[in-house]
Amino acid sequence: MVIPIMLGVTLIVSSILYLSPGDPARIMLGPNARPSVVKQLREDLGLDKPFHIRYFTWLGDILQGDFGVSLQRNVPVTEMIMSRLPASLELAFFAAMVAWVIALPTGIISAVKPYTIFDNISMFFALFWVSMPSFWLSIVAIIVFALWLGVFPISGYGGPFWTLSGIMHLALPAFCTGARLVAMLTRLIRSKMMDELGKDYVRTARSKGLKEYLVVMKHALRNSLIPTITVFGLQVPALFSLSIIIETVYAWPGMGRLLVDGVFKRDYPLVQGIVLMYTFIVVITNLAVDLIYGYIDPRIKYD
Amino acid sequence: MSFQKLKGLSRNKMSLFGMLMILIIILSAILAPFLPLQDPNEQKYMELFSPPSLDHPLGTDQYGRSMLSRVIFGSRYALLVGVAVVGIEVVIGVTLGLVAGFYGGIIETVIMRINDVMLSIPAMVLALAIAGFLGGGLINVIIAVGIIGWRGYTRLIRSEVLSIREETYVEAANATGCGDLHIMRSHILPNTVSSFLVYTTLQIPAAILWAAGLSFLGLGAQPPTPEWGAMLAEGRDFIRQAWWITTFPGLAIMLTVLSFNFVGDGLRDLLDPRAKSRMGEA
């Protein structure tokens, strides 16, 4: 599935750019450039060619790892993306970690002790986070935790995550990116766990005298994780969507900011490259999710 | 939806709260010009950055504009965006889903593969690219969010149609010689209404969030339009001295989204209990 999807994406991306109004050559040279110069540049960039020729030339280059040259900065796009990729992956990875670390225990406890104060409070927060615009959440987090309490830095990148400064800078953006996912996973884990705990095999396990925590953690949890991981896999694109906004708010040096910048400056090759890169990450993550199924559920086998 | 069901919905406290809030939002959007408010774009240079007070219940911003008035006028843009975006999504998504589910075969394969491809691109990435290259502005943002949002409708309607297609009354209609269009319009489409309604109620707040996000990034409504996302972006530079400029538009977005979600959740429990697991993907 990876290859047809990626091919489809290249087609969609290049059609959007092809159909969109505005001339990159004109934008690069500014409004005062002479028409002859603009025309020359259009020819140099290959912008005067018909769609299919432009598409296949571009596709051929990509297959060789060449995403073209940024119109704005005259630097290879591959180089620009590669310099921003680690920060983006770091943010997304930690956002997902935050989500699981909070959602897993909260969901389990809520399911084991439903309709208690803990359950009610966590379910209220789950609804709350889902409706919270991430950009607003991140601003509120900056006001409270950075400006008023002074616990975390306001924004920026503090180095790799294994350093203290790195992890402190990462904390707020990772939480804000993951907050929605926390809410979704908590609700899902709770409802799936409650379903599973009511099933026959759980009663059997209990009746044979198995310790309660083993019943919950080994039997019920394992079966609830499969639908949860499915939803997680489907939410990965949304995670990256959110990270674009969060990167902008926190001045995080990732691909998201590069993309926003590229869109405003109509840097076509850059935007094409970044869209492809994001999609590639999503497709690969979904592949990884499929492999995790096999690990959690031995009934699923891959030939 | 019958009156009975509406009554059932109002018995759910959260849905009731949601419905009341939506009513208030709609009313304030309609009545905004008639309320005794300062013009949302009137600048008072003697009252820059005044914190919330009796004169200015939500404070004023960096140009001395009344935040209360701006937030209330903002509801117009939020509702406009929500309805317009969902309109685009419905036209594209429902049509494709209907056709894919009804005809099957190669048509279905092509539509669903395009859908798969669209689902693999993070929505914000695609919306940014589309809105950006169309040239920004509120209209282009609405188009962009509409183009990314139809995917869910197609999947939903297709899966509904697949099961409805097998019903006896569809077979009967077919046997009596009804045309495809007639069957789709009179026999299939009406039966997708309840899941359609649930999904739409949950899709409106999603559209509002996406559009506000794009405006926040600077692509959507341009200043001085009192659009919530754009207001947040403007206020971001002043969070040190004036927390209220970013707090209230954000609160407005959240309450709007929350209200629709409450109603959507209530509707789903009422109309389409099976849908609970399916909605996880939206």
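Protein chains in written order, with this note's numbering: chain A, 6 to 308; chain B, 34 to 315. Think of the CB as a built atom: it goes at the ideal place given N, C-alpha and C, for glycine as much as any other residue. In this text, all values refer to a predicted model and were calculated from it rather than measured experimentally.
Step through the CB atoms of chain A and report whether any lies within less than 8 angstroms of the CB of L291(B).
Against the second sequence, residue 291(B) aligns to sequence position 258. So yes, L291(B) belongs to the interface.
8 angstroms Cβ cutoff, G13(A) in contact with chain B
As a first step, residue 13(A) is located in the first sequence; it is residue number 8 there, counting from the start. Taking Cβ atoms only, chain B reaches closer than 8 angstroms to G13(A), which makes this a yes.
Going by DSSP, name the residue or residues bridged to V74(A).
Taking the first residue of the first sequence as position 1, residue 74(A) is located at position 69. Answer is P81(A).
Going by C-alpha distance, which of V276(A), I113(A) and Y300(A) is nearest P29(A)?
Along the first sequence, read from residue 1 onward, the residue named residue 29(A) stands at position 24. In terms of CA proximity to P29(A), V276(A) leads the group V276(A), I113(A) and Y300(A).
Grouping DSSP H, G and I as helix and E and B as strand, with all else coil, what is S93(A)?
Here residue 93(A) is taken as the residue at index 88 of the first sequence, counted from 1. Helix.
Where the alpha helix (DSSP H) containing P348(A) begins and where it ends:
Lying before the first or after the last residue shown, residue 348(A) is absent from chain A, which here runs from 6 to 308.
Boundaries of the alpha helix (DSSP H) in which S143(A) is found, first to last residue:
Counting from 1 along the first sequence, the entry for residue 143(A) is found at position 138. S143(A) -> alpha helix (DSSP H) spans S139 to A146.
Residues, ordered as in the chain, of the segment 79–112 of chain A that lie near chain B by beta-carbon distance below 7 angstroms
Listed by position along the chain: nothing, the set is empty.
Under the assumption that Y283(A) contacts V158(B) (Cβ atoms under 8 angstroms), give the Cβ distance between them as a whole number of angstroms.
Start at 1 with the first residue of the first sequence, and residue 283(A) comes out as number 278. Start at 1 with the first residue of the second sequence, and residue 158(B) comes out as number 125. Contact between Y283(A) and V158(B) holds: CB atoms are separated by about 5 angstroms, below the 8 angstroms threshold.
Going by alpha carbons, who is nearest to G246(B) out of M33(A), P138(A), N125(A) and R59(A)?
Working through the second sequence from its first residue, we reach residue 246(B) at position 213. Of the listed residues, the one whose Cα sits closest to G246(B) is P138(A).
Name the chain B residues whose beta carbon is nearer than 8 angstroms to that of F245(A)?
Numbered from 1 along the first sequence, position 240 holds the residue referred to as residue 245(A). Ordered by position in chain B, the residues that pass the 8 angstroms Cβ test against F245(A) are P155, M157 and V158.
Considering only DSSP beta bridges, list what T93(B) is partnered with.
Within the second sequence, the letter at position 60 stands for residue 93(B). DSSP, once it has assigned bridges, lists S99(B) as partnering T93(B).
Can we say the segment 34–49 of chain A touches the segment 160–180 of chain B, given the rule of at least three CB pairs closer than 8 angstroms?
Touching, no, given that fewer than three Cβ pairs across the two stretches are closer than 8 angstroms.
Would A293(A) be called buried (16 or more neighbouring beta carbons within 10 Å of its own) or exposed?
Here residue 293(A) is taken as the residue at index 288 of the first sequence, counted from 1. Using a 10 angstroms sphere on the CB of A293(A), the tally of other CB atoms stays under 16, which defines it as exposed.
Go to A275(B), then tell me how far its alpha helix (DSSP H) extends in each direction, as first and last residue.
The residue you call residue 275(B) lines up with position 242 of the second sequence. Here A275(B) belongs to no alpha helix (DSSP H), and DSSP marks it neither H nor E.
Quick one: using the 10 Å Cβ neighbour count with 16 as the cut-off for buried, is P238(B) buried or exposed?
Counted from its first residue, the second sequence places residue 238(B) at position 205. That one is buried.
Measure the CB-CB distance between I272(B) and I251(A) and report whether it falls below 8 angstroms.
On the second sequence, position 239 is the one that residue 272(B) refers to. On the first sequence, position 246 is the one that residue 251(A) refers to. No, they are not a contact pair.
So that I know if they touch, is there some Cβ in chain A lying closer than 8 angstroms to that of R311(B)?
For the purposes of this step, residue 311(B) is identified with residue 278 of the second sequence, where counting begins at 1. Residue confidence is low: R311(B) scores 42 on pLDDT, short of 50, so the model does not pin down where it sits. No coordinate-derived value is stated.
Residue nearest to G107(B) in terms of C-alpha spacing, selected from E141(B), L64(B), H89(B) and L81(B)
Position 74 of the second sequence, counted from the first residue, corresponds to residue 107(B). Check the Cα spacing between G107(B) and each of E141(B), L64(B), H89(B) and L81(B): the tightest is with L64(B).
Closest to I297(A) by C-alpha separation, out of L202(A), P274(A), D272(A) and I234(A), would be which residue?
Taking the first sequence and counting its residues from 1, one reaches residue 297(A) at position 292. Distance from the Cα of I297(A) is smallest, within the candidate group L202(A), P274(A), D272(A) and I234(A), for I234(A).
Assign Q240(A) to one of three DSSP states: helix, strand, or coil.
Along the first sequence, read from residue 1 onward, the residue named residue 240(A) stands at position 235. Correct three-state label for Q240(A): helix.
Positions along the segment 17–31 of chain A whose CB lies within less than 8 angstroms of some CB in chain B:
Listed by position along the chain: I17, V18, I21, L22, S25, P26 and G27.
Residues of chain B with a CB under 7 angstroms from the CB of F140(A): which are they?
For the purposes of this step, residue 140(A) is identified with residue 135 of the first sequence, where counting begins at 1. Residues of chain B passing the Cβ test: G246, F249 and L265.
State yes or no: is the beta carbon of N224(B) nearer than 8 angstroms to at least one beta carbon in chain A?
Position 191 of the second sequence, counted from the first residue, corresponds to residue 224(B). For N224(B), not one C-beta of chain A is nearer than 8 angstroms to its own C-beta.
Is A210(A) buried or exposed, if buried means 16 or more other CB atoms sit within 10 Å of its CB?
Looking up residue 210(A) in the first sequence gives position 205. The residue in question, A210(A), is buried, as its Cβ has 16 or more Cβ neighbours within 10 Å.
When you compare the segment 89–106 of chain B with the segment 157–171 of chain B, are there three or more beta-carbon pairs, one atom per stretch, that lie closer than 8 angstroms?
As far as the Cβ criterion goes, the segment 89–106 of chain B does not touch the segment 157–171 of chain B, which means the pair count is below three.
When the distance is taken between beta carbons, is A240(B) closer than 8 angstroms to G182(B)?
Here the question's residue 182(B) lines up with position 149 in the second sequence. Here the question's residue 240(B) lines up with position 207 in the second sequence. A contact, by the Cβ cut-off of 8 angstroms.
Using alpha carbons as the reference points, say which of V287(A), Y300(A), P303(A) and G299(A) lies closest to S93(A).
Along the first sequence, read from residue 1 onward, the residue named residue 93(A) stands at position 88. Residue V287(A) is the option with its Cα nearest to S93(A).
For V187(A) and D72(B), I'd like the C-alpha separation in whole angstroms.
As a working note, residue 187(A) is residue 182 in the first sequence. As a working note, residue 72(B) is residue 39 in the second sequence. Distance from the CA of V187(A) to the CA of D72(B), rounded to the nearest whole angstrom, comes to 40 angstroms.
Leaving out five residues on either side along the sequence, give the residues of the same chain with a beta carbon under 6 angstroms from the beta carbon of I126(A).
Position 121 of the first sequence holds residue 126(A). Cβ-Cβ distances below 6 angstroms link I126(A) to nothing in the same chain once the five nearest sequence neighbours on each side are left out.
Just the C-alpha distance for Q76(B) and D88(B), rounded to the nearest angstrom, thanks.
Within the second sequence, numbered from 1, the residue matching residue 76(B) stands at position 43. Within the second sequence, numbered from 1, the residue matching residue 88(B) stands at position 55. Computed Cα separation, rounded: 15 angstroms.
Run through chain D and tell me which residues come within less than 7 angstroms of V150(B), C-beta to C-beta.
Annotation note: the requested chain D is absent from the structure, which comprises protein chains A and B.
In the DSSP assignment, find the unbroken alpha helix (DSSP H) run with P85(B) in it and report its ends.
Residue 85(B) sits at position 52 when you count from the first residue of the second sequence. Where P85(B) is concerned, there is no enclosing alpha helix (DSSP H), given that its DSSP letter is neither H nor E.
Whole angstroms is fine: what's the gap from R192(A)'s alpha carbon to L226(A)'s?
Locating residue 192(A) in the first sequence gives position 187, counting from the first residue. Locating residue 226(A) in the first sequence gives position 221, counting from the first residue. For R192(A) and L226(A), the distance between alpha carbons rounds to 14 angstroms.
Please give me, in chain order, every unbroken run of the alpha helix (DSSP H) with length at least 4 that falls completely inside the segment 170–231 of chain A.
Qualifying alpha helix (DSSP H) stretches, in chain order: 205–212.
Would you mind stating whether M54(B) and L252(B) have Cβ atoms separated by less than 8 angstroms?
Stepping through the second sequence from its first residue, residue 54(B) is reached at position 21. Stepping through the second sequence from its first residue, residue 252(B) is reached at position 219. At a Cβ-Cβ threshold of 8 angstroms, M54(B) and L252(B) do not count as neighbours.
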